[in-house]
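What follows is a short report on a single structure.
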Amino acid sequence: MSSKEEILVLVGSPRAEKSTSKSLGVYLSKKIVASEDQIRFGYINRLLLRSERYEKLFSMINEASIIILTFPLYVDHLPSPVIKAFEIISEKKRDIMERKEKQFIAISNCGFPEGEQINIAIKICRIFAKEIGFEWMGGLKVGAGPFIHGNDIKNAGKRLEHIKKGLSFAAEKITKGEKIPKETNDILADIPISKEMYKRIGNFGWRIQALKFRNIFNLKRKPYSKEK
Numbered sequence: 000m001s002s003k004e005e006i007l008v009l010v011g012s013p014r015a016e017k018s019t020s021k022s023l024g025v026y027l028s029k030k031i032v033a034s035e036d037q038i039r040f041g042y043i044n045r046l047l048l049r050s051e052r053y054e055k056l057f058s059m060i061n062e063a064s065i066i067i068l069t070f071p072l073y074v075d076h077l078p079s080p081v082i083k084a085f086e087i088i089s090e091k092k093r094d095i096m097e098r099k100e101k102q103f104i105a106i107s108n109c110g111f112p113e114g115e116q117i118n119i120a121i122k123i124c125r126i127f128a129k130e131i132g133f134e135w136m137g138g139l140k141v142g143a144g145p146f147i148h149g150n151d152i153k154n155a156g157k158r159l160e161h162i163k164k165g166l167s168f169a170a171e172k173i174t175k176g177e178k179i180p181k182e183t184n185d186i187l188a189d190i191p192i193s194k195e196m197y198k199r200i201g202n203f204g205w206r207i208q209a210l211k212f213r214n215i216f217n218l219k220r221k222p223y224s225k226e227k
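Numbering (numbering that gives the first Met the number 0), first residue to last: 0 to 227.
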């Protein structure tokens, strides 16, 4: 990658700098370029706060040669700010210069242990890239996102070794101008504990949160259930 080229990391999480989405974007982008000066971050929530800021969004896109969209999965879909960003960019895509020269990558993380839960969201990103005219480089699906919890992946230790390997492999392909191969997501799916153990830890976490907010006895309520 040329030293003059720039990566734009668009963070679609409302947690912004503290998000797992940013952590993933930071690690991948730093593996692609030699200098951090070549990386810019845009926080979608802020860029869409007022219509006056749309110009900044398009300016950042125009200056980038690689765009990395990183976001959390909301049920099985994109967060609403990301959907809004897609709509705005699609409506004004003629304002984007050299669209076909820009590479587009999507990374999504979810709380489910299975990265396959992200399939639909990644397909939407691929269709968006095609609609705009960006070169689709591939999508990365990160399950068990709470393992990261917004922390620095580089210094996270062995529990995130699968994340480091997967993102590093993806970066290697991107720097060579190649698309991200499917086996990258197989590497990312290799979480360090069993799915059953992950679910137990998750359930324990919910109980701790319920205790914190004095709501422990309502966890099994089904107010909309038809069962009597």
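Idealized CB from N, CA, C, for every residue including glycine.
In the DSSP assignment, Gln208 falls within the alpha helix (DSSP H) that extends over 194–211. Taken through DSSP and simplified to helix, strand or coil, Arg93 comes out as helix. Remark: C-beta atoms of Val8 and Ser18 do not approach each other more closely than 8 Å. In the displayed model, His76 falls within a strand according to three-state DSSP.
Membership of Phe168 in the alpha helix (DSSP H) is indicated by the continuous run 160–174.
Judged by pairs of C-beta atoms under 8 Å, the region 165–177 does not touch the region 213–223, as fewer than three such pairs exist. Nearest C-alpha to Val81 among Gly110, Ile117, Cys124: Cys124. Under DSSP, the beta-bridge partners assigned to Glu134 are Gln102.
When DSSP reads this structure, Phe40 sits in a beta bridge with Val8. Just so you know, the alpha carbons of Ser193 and Gly41 end up roughly 35 Å apart. Between the alpha carbons of Ala169 and Asn61 lies a distance of about 23 Å.
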